[in-house]
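The structure under discussion appears below in the form of structure tokens.
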Amino acid sequence: MKFDLLPILNADGRRLALDAQLDFVGCEEQGAVFLTPVRVTGEFLNIGGRIELDAKAECRLRYECDRCLESYEADFSCSFKEIFKKEDAKSEDEQSADFIILEGTAIDLDEVVLLNMIVHLPLKHLCNEDCKGLCPDCGQNLNLGECDCDNRPTDPRFDVLDKLL
Ligand SMILES: [Zn+2]
Ligand SMILES: [Zn+2]
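In our numbering, the protein residues as written are 6 to 170.
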């Protein structure tokens, strides 16, 4: 979705509200599948010719648990800031990584929001902090019940005996 900043682009001190729904449903980023549209709310503010965005993105995501491999859903939200500058306003001493140069008057809202969300996505995926995971021998999901395997930690002293027998 293109979002036009023209109403405040040349008006120092002017604000522009943001409230949009972005459709990434079905997309997958770093193990997270988007289940609902992303609601992004916030405000653009022109400060001395540069446009600062202060925004919040919310949606529901589905992950696969790192331990038991079951999928689970969770609400996600993150806040982020972004700075946009007009093409002709490049300044010498600033790092271009700190802001996005505007091409024309509109920004690619999808890209801006998605890139900021990716940075905030959880690296660890657990269906539950206490997830017991899978049995390494038979693959049984131990959250659903114990299996019949002998998973007690073995005493290395008995390994010698095992080999002899
Ligand atoms: Zn799990
Ligand atoms: Zn087992």
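We put the beta carbon where it would ideally sit given N, CA and C, even for glycine.
The Cβ-Cβ distance between ILE52 and LEU10 does not fall below 8 Å. For ASP115, the enclosing alpha helix (DSSP H) covers residues 114-125. Around VAL117, the same chain offers LEU58, GLU87 and ILE105 as residues with beta carbons nearer than 8 Å, after the five sequence neighbours per side are excluded. Following the DSSP letters along the chain, one finds LEU50 inside the beta strand (DSSP E) bounded by residues 43-52. According to DSSP, residue pairing for LYS7 in a beta bridge involves ASP113. DSSP places GLN145 in no beta strand (DSSP E); its state is neither H nor E. For ARG20, the CB stays at least 7 Å from every heavy atom of ligand 1.
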